[in-house]
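Visitor: Below is one structure. I have some questions about it.
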Amino acid sequence: MTLRRGLARFAGLLLCAIPVAASASHVNVVTIDGSINPASSDHLQRAIATSEADGAVAVLVLLDTPGGLLAATKDIVQAILNARVPVIVFVSPQGAWAASAGAFVTMAGHVAAMAPGTSIGAASPISVSGEGGTRGEDGKREDVGAEKAEKFTTAFLEAIAKQRKRNVEWAAKAVREAEAITQEEALELGVIDVVAADVDALFEVLEGREVEVGGETRTLHLAGAERRRLEMPPLTRLFNGLADPNVAFLLVMAGLLGLYLEFQQPGMILPGVAGLGCLVLAGIAFQILPFSSVGLLVLLLGLGLVVAELFVSAFGLLLLAGLLCMLLGGSMVFDLPEVSDLSVSFWPVLVPVVTAFGVFVAVVVFAIGRTLLLRQTAGVDELIGAIGKAVSDLDPAGKVWIRGEYWSAVAVETVSRGARVEVIAVEGLQLRVRRAPGAV
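Counting with the numbering used here, you get residues 178 to 617 for the letters of the sequence shown.
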């Protein structure tokens, strides 16, 4: 063992002594396109750690987001502020947003840049359901929880602006007044550092620029640097897709519908498997997103009332109450005091899905109602009303021929052999018949 260690150490020293060509510098590129959630936060944190380990000259974050969860935003900001590699946040491409949580991430970067036609701001805290609280005549929020969230979020963004020597006053307005500005206004107010049309133009402008990283000044050398795109791993990409309240709500509804179809028609297999799979994915989504158990219970109560309409004749009242509970529960299921911009879209998603579910159940109820009104087509009782022929004199007992079978029958009146008869009752293995209308 000692000899092996000695040989390994000697080989290491020999390799260190051999001159090697210096590798070309590189910049790691990360794209955040969508909500700020635990999955995108984990991806960006891993990218920063990877860049610190592989010697990247900088991390370029291409940002386009409508906002996200405060907890995930805090993790991203903390990772950027403590990064040992320059982090360049570029709101791109043209038309991109750095809204709400995106403003925090942009202002936390060592370099904050925006492309033409982009916007930043509107960082007011709201609950996951989309409620931001109302304000009184004095301008203060009437909801104590919303006021606390606003004050905390204001202090958070102001601290970031001070750390990066950016416009602290505007940072406060972005939270308190939900102010949003264009890239030109952001540059003029000192919210960002650079406006560039694309990455090439951005690197050209930043070449030789000095930034403070970890308490020391570094000079950016980006000209000719290789750009390595760090893709989101497949599992993280799945979590990123599931971290959308609209997707989570649709998965719950699809899962419940699939299980309902399987219970109604046992043996179909596919609806049950698909429904169970949707509910498993919805469970994963609920582990990523903060949700309200009360809202979920109201949603399930609504589903129970809708299903009850299939078995109880309530003239549609249970169906209506169930749909209202589903709308209420769907709007409450992510209603928590945590600051976020994620919510179930009421008109584009919640209302159409609940309406479609209601129409489906109404069609099922209508079909069942029509079936109950139809004559029975299976079993012995379906012989009632059938027309046959007497094969012997019925006075009153005898034999009749009904639908290819001989039956013992008792007539309520005398019937001659060969006359047409109608079944009026089934009594065990004997039929009660009468002369068919129009028969002689």
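The C-beta atom is built at its ideal place from N, Cα and C for all residues, glycine as well.
1. Identify whether Arg186 lies in helix, strand or coil by the three-state DSSP scheme.
2. My output table needs one value for Val489: the three-state DSSP class, helix, strand or coil.
3. Which stretch, first to last residue, makes up the alpha helix (DSSP H) that contains Gly575?
4. Going by C-alpha to C-alpha distance, which of Gly499, Gly506, Ser593, Glu393 sits closest to Val475?
5. Pull up the distance between the alpha-carbon of Gly385 and that of Gln255, whole angstroms please.
6. Is the beta carbon of Ile265 closer than 8 Å to that of Ile358?
7. Going by beta carbon distance, what residues of the same chain come within less than 7 Å of Lys350, once the five residues before and after it are set aside?
8. Would you check if there are 3 or more beta carbon pairs closer than 8 Å linking the region 415-432 to the region 266-273?
9. Smallest Cα separation from Glu393: which of Val471, Met409, Ala260, Leu466?
10. Checking 8 Å against the spacing of the C-beta atoms, do Ala289 and Ile369 come in under that value?
11. Work out the CA separation of Cys502 and Val530 for me, nearest whole Å.
12. Closer than 8 Å by C-beta to Leu436: which residues in its own chain qualify, once you throw out the five before and the five after it? Chain order, please.
13. Would you mind stating whether Leu560 and Leu608 have Cβ atoms separated by less than 8 Å?
14. Determine whether the beta carbon atoms of Val390 and His287 lie at a separation below 8 Å.
15. What does DSSP give as the partner residues of Ile297 in its beta bridges?
16. Quick check: the region 464-472 against the region 485-495, are at least 3 beta-carbon pairs closer than 8 Å?
17. Tell me which residues share the same chain as Leu239 and place their Cβ nearer than 6 Å to its Cβ, disregarding the 5 neighbours each side in the sequence.
18. Buried or exposed: Met445, going by 16 or more other Cβ atoms within 10 Å of its Cβ?
19. Where does Met255 sit, in a helix, a strand or coil, going by DSSP?
20. What number of angstroms, rounded off, separates the C-alpha of Gly499 from the C-alpha of Phe281?
21. Using DSSP bridges, identify the partner residues of Leu240.
22. Taking just the CA atoms, how far does Leu478 sit from Asn417?
23. Contact defined as beta carbons within less than 8 Å: I believe Val610 pairs with Val577. What is the distance between those atoms, to the nearest angstrom?
24. Can you tell me which residues form a DSSP beta bridge with Gln607?
25. In whole angstroms, give me the CA-to-CA distance for Val352 and Glu327.
26. Looking only at its chain, what residues have a beta carbon closer than 7 Å to the beta carbon of Ser508, apart from the 5 residues adjacent to it on each side?
27. Using a Cβ-Cβ distance cut-off of 8 Å, determine whether Gln464 contacts chain C.
28. Tell me Ile446's beta-bridge partners as DSSP assigns them.
29. On the CB-based measure, 16 or more other CB atoms within 10 Å of its CB, does Gln360 come out buried or exposed?
30. For my contact list, Ala224 and Leu407 are in at a C-beta cut-off of 8 Å; report their separation, rounded to the angstrom.
31. Which term fits Thr283, buried or exposed, when burial requires 16 or more other beta carbons within 10 angstroms of its beta carbon?
32. What is the DSSP secondary structure of Lys328, reduced to helix, strand or coil?
33. Of the choices Ser217, Phe440, Asn423, whose alpha-carbon is the least far from that of Thr242?
34. Do Thr413 and Asp210 have their C-beta atoms within less than 8 Å of each other?
35. Alpha carbons only, please: which of Leu497, Ala378, Ala602 is nearest the one belonging to Ala400?
36. Using only the heavy atoms of the ligand NAP, determine whether one of them is closer than 7 Å to the beta carbon of Ala351.
Guide: This is what the structure holds:
1. Interpretation of Arg186 is limited by its pLDDT of 42, a score under 50 that renders its predicted location unreliable; the figure taken from the coordinates is listed afterwards. If DSSP states are grouped into helix, strand and coil, Arg186 belongs with the helices.
2. Here Val489 sits in coil by DSSP.
3. Unbroken run through Gly575 is the beta strand (DSSP E), 574-579; no alpha helix (DSSP H).
4. The option with the nearest alpha carbon to Val475 is Gly506.
5. If you take the alpha carbons of Gly385 and Gln255, they lie about 26 Å apart.
6. Result no, Cβ atoms of Ile358 and Ile265 do not sit closer than 8 Å.
7. Answer for Lys350: Glu356, listed in chain order.
8. Segment contact: the region 415-432 against the region 266-273, fewer than three CB-CB distances shorter than 8 Å; contact not assigned.
9. For the set Val471, Met409, Ala260, Leu466, the Cα lying nearest the Cα of Glu393 is the one of Ala260.
10. A distance below 8 Å separates the beta carbons of Ala289 and Ile369.
11. About 13 Å.
12. The residues are Pro448, Gly449, Gly452, Leu453, Leu456.
13. Yes, these two residues count as a Cβ contact at 8 Å.
14. Yes, they are a contact pair.
15. Answer is Ala275, Ile358, bridged to Ile297.
16. With the cut-off at 8 Å, the region 485-495 and the region 464-472 do not touch.
17. Contacts found: Thr208, Phe267, Ser269.
18. Flag for Met445 reads exposed.
19. This sequence places Gln at residue 255; Met is not what is there. Shown here, Gln255 sits in a helix according to DSSP, grouped into three states.
20. Going from the Cα of Gly499 to the Cα of Phe281 covers about 41 Å.
21. Paired residues: Ile209, Val268.
22. Roughly 29 Å between the two C-alpha positions.
23. Right, the Cβ-Cβ distance comes to about 6 Å (below 8 Å), so this counts as a contact.
24. Answer is Ser585, Glu604, bridged to Gln607.
25. Roughly 7 Å separates the two Cα atoms.
26. Closer than 7 Å at the Cβ level, and outside the excluded window around Ser508, lie Ser306, Val521, Phe523, Leu527.
27. Among the chains of the structure shown, chain C does not appear; only one protein chain is present.
28. Partner(s): none; Ile446 has no beta bridge.
29. Sixteen is the threshold: when 16 or more other Cβ atoms of the shown chains lie within 10 Å of the Cβ of Gln360, as they do, the residue is buried.
30. Contact holds; Cβ gap of about 5 Å.
31. Within 10 angstroms of the beta-carbon of Thr283 lie 16 or more other beta-carbons, which makes it buried.
32. Helix.
33. For the residues Ser217, Phe440, Asn423, the minimum Cα distance to Thr242 belongs to Ser217.
34. Not in contact: Thr413 and Asp210 (Cβ atoms no closer than 8 Å).
35. The option with the nearest alpha carbon to Ala400 is Ala378.
36. Looking for the ligand NAP in the displayed structure turns up nothing, as the structure carries no ligands at all.
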